[in-house]
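Working notes, structure below.
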Ligand code: ADP
Ligand code: MG
C-alpha cells in the first residue's frame, strides 16, 4: 500500500524544473524568515564578524506523504496527552518514586530534583504551571498491516520549531498551488497534488494549514492572563520572558512567537540569555507573592513584572556551565512567575517516565490512575502509540530485568535504541552498539538508561532536501511528526488531580532525515524541516 504512494514521489524533475524549484525555495525562505543564523561550520567567523548573516533553514523541497488517519489520530490524542503530563507533573510523590533511582546515577536529574526540593522548602508561591508540549511520532510499518502511529518521545521543555514549521507548510502550499492548484509551476503533476487523475488516492493537494504559532501563543497568553495584575507596589507593567541560549541560531523560530504574542494578544515579551538571569532579574524573597522583576538592560529605568518564564533553554547539562546557572534556575523556580515548564514538569518529560507509563495490568496501570475520567477505549488509543520500552534497573538482583537481557544480546539489541535522560538530540545509542557500550560502563549506572524498541518507518519513502550548506540531496528518508499542544493548570494543596484551565491541540512539525542517520534533530544538524501532504487510499 505505502509502496504505491511513494512509487513516483517526489515526481521526477527536468533540470530546468529543478533549478526553478531550488531557486524559489532559496528566495521564499529568506523573504518569509524561514531562516536560521548560520553555524561557523557553514560560514566561518572571519566572513561573518558582525553576525549579520542569516541563511535558509534546512528544508525539504516537497511535503512528505502521510496517512490522514494517522495524522487525525495524533491530533485527537493530544489533549489527553496534555492532561496526562499535567497530572504527572502535579504528582510529586509519584515522580519521586521514579526519580529516586535516577538521582543516584544521573547528576543532572539529581540537581533538578534538588532545585525542586530547595524551592519546596521555601514554599512554592505559584501554583499555576504552563506546558507547551510536542508529542513526536513516527509511522511504524509491520508486515501486512497499514502503517500505525508510534510515539518517539513527549517534549515538556523547549518544544521548538512551531514558528518555522508553519512557514514550511505555507511554502510547500505555495509551491503546490501557484499560480493555480491545477497547474503549479514548481511541481509537476502528481495524484498527491490533486492535479493528476488517480481515483485510488485522495488528497487535498497541499499541506493542511499549520496553526502552531497561534496555538502556542494562545497558551502563553492564557498563562499571562491567569497570572493576573502586577503584584508589586506600586504596580509594574507586565511581560513574558523568553529564556534563551546564548548565541541561539534558531532565533527566527522564537521571534515568530514573540511577534504573534504582541500583535494578536498585545503582550510584550523580552529575550533573556540564561547567562544574564542573575544580572537582570530580581525576586524579593520577603514579598508574599515573590514577583519576578525584569530590568531591560537597554532601559534600566523601566522595570517589568514577569508573568510567565518560557524556557527555550536550560534543558541540557552543558547549559549549566557556570556556578550561577543552577542559582538562576532556582531563582526563577522560586519566583512568583508561572514557569513553562516548572522543574517538576521538566522532569515529567524524561524518557524514564515515558517508559514507566507503558506498564499495564497485571503491572500498575498508571494511565488509569492519572486519567481516571477517560474511557478505557480512549486510554487504549493512547496506549496503542507506545512502542515497547524497558527498564535497565534490576531492583531484584535475582531476576535480571528483561531490558538488560534484550540490551546485552546483540541479536535483540539490533532492534532497539538505548536512551539516557537527555534532550536535544545526539544522546542515544543504537542497535549493536548497545551491548559494548553497556559493558564499558559500571553495571550500577545502567539504570539511568531505558531501552526502547525501534520504530520501523516505511522503507520506500523518498524526499529531496536543501541542506544547510546549500547542497541538494535526494535519498531514502525517515520522517518524524510532532503535534503541538498547550496546557495550563492549577495545583491545589492536597489534591492529586490538576485543575485544568486551558487545554488545546494545534499545529504540527514534520522533520525528515536521510535514512542512514539514526538521530533526528534539526538544530543538531541531522534533519530538515518538512510539512506533510495527507492522503487516503480508496
Ligand atoms: P531527544 O530528546 O534527543 O530528541 P529522542 O527520543 O527524540 O531524543 O531521540 C532522538 C532521535 O532518535 C529521534 O528523533 C529519532 O530519529 C530517533 N529515535 C528515537 N527513538 C526511536 C525509536 N524507538 N525508533 C526509531 N528511531 C528512534
Ligand atoms: Mg526528539
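In the UniProt record's numbering, the protein residues as written are 1 to 538.
Each residue gets a CB set at the ideal place from its N, CA and C atoms; glycine is no exception.
Check                                                                                                                                                                                        : Outcome
Taking the alpha helix (DSSP H) that residue 118 falls in, what are its first and last residues?                                                                                             : 107 to 122
Taking DSSP as the reference, what is the three-state secondary structure of residue 321?                                                                                                    : coil
Suppose you measure from the CA of residue 541 to the CA of residue 419; what does that come to, to the nearest Å?                                                                           : Since the first and last residues shown for the chain are 1 and 538, residue 541 lies out of range.
Here's the rule: buried if 16 or more other CB atoms are within 10 angstroms of the residue's CB, otherwise exposed. What is residue 530?                                                    : buried
Under the rule that 16 or more other beta-carbon atoms within 10 Å means buried, what is residue 311, buried or exposed?                                                                     : buried
My assumption, with CB atoms under 8 Å, is that residue 486 sits in contact with residue 474. Please give the rounded CB distance.                                                           : About 36 Å; that fails the 8 Å criterion.
For residue 533, count neighbouring Cβ atoms within 10 angstroms of its own Cβ and tell me buried if that reaches 16, exposed if not.                                                        : buried
I'd like the list of long-range same chain contacts for residue 343, defined as Cβ closer than 7 Å, with 5 residues on each side in sequence excluded.                                       : 112, 115, 116, 333
Shortest alpha-carbon distance to residue 430 belongs to which of 129, 383, 517?                                                                                                             : 517
Does any heavy atom of the ligand MG sit closer than 7 Å to the C-beta of residue 518?                                                                                                       : no
Measuring straight from C-alpha to C-alpha, what distance separates residue 483 and residue 211?                                                                                             : 10 Å
By DSSP, does residue 82 sit in helix, in strand, or in coil?                                                                                                                                : helix
In angstroms with no decimal places, state the Cα-to-Cα distance between residue 412 and residue 348.                                                                                        : 29 Å
Select from 259, 414, 75, 8 the residue whose C-alpha is nearest the C-alpha of residue 193.                                                                                                 : 8
Going along the chain, which unbroken runs of the alpha helix (DSSP H) with 4 or more residues stay wholly within the segment 416 to 453?                                                    : 434 to 439
For the ligand MG, any of its heavy atoms closer than 7 Å to the Cβ of residue 136?                                                                                                          : yes
Taking residue 88 and residue 353 to be in contact with their CB atoms under 8 Å, please state how far apart those CB atoms are, rounded to whole angstroms.                                 : 6 Å
Is the beta carbon of residue 167 sitting closer than 8 Å to the one on residue 73?                                                                                                          : no
For a minimum of 3 consecutive residues, which ranges assigned as the beta strand (DSSP E) are wholly contained in the UniProt domain "Glutathione synthase substrate-binding" (238 to 348)? : 238 to 244, 269 to 273, 281 to 283, 292 to 294, 304 to 312, 338 to 340
Please find out if some non-hydrogen atom of the ligand ADP comes closer than 7 Å to the beta-carbon of residue 454.                                                                         : yes
Express the C-alpha separation of residue 330 and residue 493 in angstroms, rounding to a whole number.                                                                                      : 21 Å
Taking only the alpha-carbon atoms, compute the straight-line gap between residue 200 and residue 78 and give it to the nearest angstrom.                                                    : 30 Å
Could you give the distance in angstroms between the alpha-carbon of residue 158 and the alpha-carbon of residue 252?                                                                        : 15 Å
Are the CB atoms of residue 391 and residue 450 nearer to each other than 8 Å?                                                                                                               : yes
Does DSSP put residue 35 in a helix, a strand or coil?                                                                                                                                       : strand
What I want to know is whether the C-beta of residue 152 ends up closer than 7 Å to one or more non-hydrogen atoms of the ligand MG.                                                         : yes
Could you check if residue 292 is buried or exposed, using at least 16 other CB atoms within 10 Å of its CB as the buried criterion?                                                         : buried
How many angstroms separate the CA atom of residue 54 from the CA atom of residue 273?                                                                                                       : 20 Å
Hey, residue 328 and residue 278 are a contact pair by Cβ (cut 8 Å); roughly how many whole angstroms apart?                                                                                 : 6 Å
Do three or more CB pairs link the segment 137 to 157 to the segment 455 to 470 at distances below 8 Å?                                                                                      : yes
Taking the alpha helix (DSSP H) that residue 227 falls in, what are its first and last residues?                                                                                             : 212 to 227
What does residue 505 pair with, by DSSP beta-bridge criteria?                                                                                                                               : 485
Just the C-alpha distance for residue 243 and residue 309, rounded to the nearest angstrom, thanks.                                                                                          : 7 Å
DSSP beta-bridge partners for residue 463?                                                                                                                                                   : 475
So the candidates are 287, 162, 196; which of them puts its Cα closest to the Cα of residue 126?                                                                                             : 287
Buried or exposed for residue 19, please, with buried defined as at least 16 other CB atoms from any protein chain shown within 10 angstroms of its CB.                                      : exposed
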